[in-house]
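Take the sequence shown: its letters are residues 20 to 362, numbered as in my numbering.
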Amino acid sequence: MKTIWNHRSGLIEFAERPEPNLQSADDVKIKVVYNTIGIQDLRLKRQWDFYSKEGIAGYEMAGIVVAAGSSAQKAGWQIGQAVSGTVVQFCGKCPACKQQQEQNCLQLRVKSGTLCPYIVWKADQLVHLPANVSFATGCLLEPVAVVKMAYDKLQINDSDQICIFGGDFNGLILLQLIKRYTQAFVVVVENKAENKLLAQEFGADQIIDPLADNVATELLKLSNFIGFNKTILTTSKYPALISVAINATARGGLFLTTVYFDRQQQIAINSIKFFAMNLTIMSSFLYTKKLLQQTATLLAQLNLKSLIRREFSFSAALTAYQVEQEQLYPRIGIRVNDSNQLI
């Protein structure tokens, strides 16, 4: 079968690979219908990166079950079901997994990518898609779950003053969650024209362009010169925003990051200032299996269709990667297979 192959050098190209088949009782074979790609799919040369590895590219998918092993069938997986899931396989044996804290799994692995006609994953990597969720929307299960984990950690209430640094996919999903469930005041720092329009559509109270405005000064004004009690960094494009975000956090406030940079990037803060400000600094990485399941029911309640700004056929997938190099859109869609044909 034809795949999109990621080489260690960072080269992306079409490559022929054998079509995968069931190897064990808990395997499930999926016909991939839809993929999405974003800025994280461009981190190809960073060999230390969590998702950067040689093999089939892509990790956000939705598809149809075409075969299932005996154990998978007993677990409820049947031919014809619409599914999404996670390319991550948790070990299930370490202390974190046993406590249902899979986001802290000590032996997690990233399985085969999804930009190909068929994949074989373990049953516990998959999630059923509700009938009211399209393949394009269902494809976004994994990245939405990442943001939902961050949202839960933030424990936002109506009186919060929040600043989101990055109006990309993560920032826009977080904004939607905040506005759906709370009356919190939200400022978004973003420079891309389309993302700013989306942030406005999703209810941002203020939008600051970091390339046009004096960010630090504007944030002080908007926070009544005391800072925001919760600041969130959702973009990895501008490492300098780390210090800006921390400096914009109010006394007793919380700074959370959903992104990471390279190994040389440090998060630096004056120790006396950190102590005197009584700050909380945390990260949010991955999700639990339970939260991944819960997110499937959330997908239809969010405006996800607007975040897929361009769409390509599988034969034009390399062009999709070229377009993503411009980093203009939250997500780009790739139609891999016809959903009307089961096999």
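Yeah, the Cβ is synthetic: ideal placement off N, Cα and C, and Gly gets one too.
If you check the CB distance, Ser242 and Tyr279 do not come in under 8 Å. Excluding the 5 residues flanking it on each side, Thr253 has same chain C-beta neighbours closer than 7 Å at Ile183, Phe184, Gly185, Asp187, Asn189, Gly190, Leu193, Thr277, Val278, in chain order. Relative to Ala319, the option among Gln346, Leu145, Thr156, Gln108 whose CA is nearest is Thr156. Rounded to whole angstroms, the Cβ separation of Tyr53 and Phe154 is 4 Å, and the two are in contact under 8 Å.
For the pair Val102 and Leu145, the CB atoms are nearer than the 8 Å cut-off. The criterion of a C-beta distance shorter than 8 Å is not satisfied by Val47 and Val129. Inclusion of Pro349 and Gly77 in the CB contact set at 8 Å is not warranted, their separation being larger than that value.
Minimum Cα-Cα distance from Gly82 among the listed residues Trp96, Leu239, Ile227 corresponds to Trp96. Spanning the alpha carbons of Leu317 and Lys324 requires a straight line of approximately 14 Å. Note on Glu38: under 16 other CB atoms within 10 angstroms of its CB, so exposed under the neighbour-count rule. Judged by beta-carbon spacing, Cys135 lies within the 8 Å limit of Thr22, meaning their Cβ atoms are closer than that value. Taking a C-beta distance under 8 Å as the contact criterion, Asp45 and Gly88 qualify as a contact pair.
DSSP, read as helix, strand or coil, puts Leu252 in strand. Here Phe333 has Ile353, Arg354, Val355 as same chain residues with Cβ atoms under 7 Å from its own Cβ, once five neighbours each way along the sequence are excluded. Annotation for Glu161: no beta strand (DSSP E) segment contains it, though the alpha helix (DSSP H) segment containing it runs 160-173.
Rounded to the nearest whole angstrom, the C-alpha separation of Asp224 and Asn233 is 18 Å. By the C-beta density criterion, Met168 is buried, having at least 16 other C-beta atoms within 10 angstroms. Taking the Cα positions, Asn210 is about 44 Å away from Lys112. Counting other Cβ atoms within 10 Å of its Cβ, Asp357 stays below 16 and is therefore classed as exposed.
Secondary structure within the region 70-119: the alpha helix (DSSP H) runs of 4 or more consecutive residues, fully enclosed, are 89-93, 114-117 (chain order). Note on the region 255-289: whole alpha helix (DSSP H) runs with a minimum of 4 residues are 260-266, in chain order. Apart from the 5 residues on each side of it in sequence, Val166 sits with its Cβ closer than 6 Å to the Cβ of Asn189, Ile192, Leu193 in its chain, given in chain order. Annotated three-state conformation of Ile192 is helix, per DSSP.
Ranked by Cα distance from Lys141, the options Ser290, Ala315, Ala86 are led by Ala86. The beta carbon of Ile226 sits closer than 6 Å to the beta carbons of Val207, Lys215, Ala218 from its chain, once the five residues preceding and following it are set aside; these are given in chain order. Rounded to whole angstroms, the gap between the alpha carbons of Lys172 and Glu35 is 43 Å.
For Leu347, same chain residues with a beta-carbon under 7 Å away, outside a window of 5 residues either side, are Lys211, Glu213 in chain order. Every unbroken stretch of the beta strand (DSSP E) spanning 3 or more residues and falling wholly within the region 294-327 is given here in chain order: 299-302. Within the same chain, Phe109, Thr307, Lys308 come within 6 Å of Glu121 by CB-CB distance, once the 5 residues on both sides are set aside. Scanning its chain for C-beta atoms nearer than 7 Å, with the 5 sequence neighbours on each side dropped, one finds around Cys116 the residues Phe109, Cys110, Cys124, in chain order.
With contacts defined by Cβ atoms closer than 8 Å, Leu311 and Ala164 form a contacting pair.
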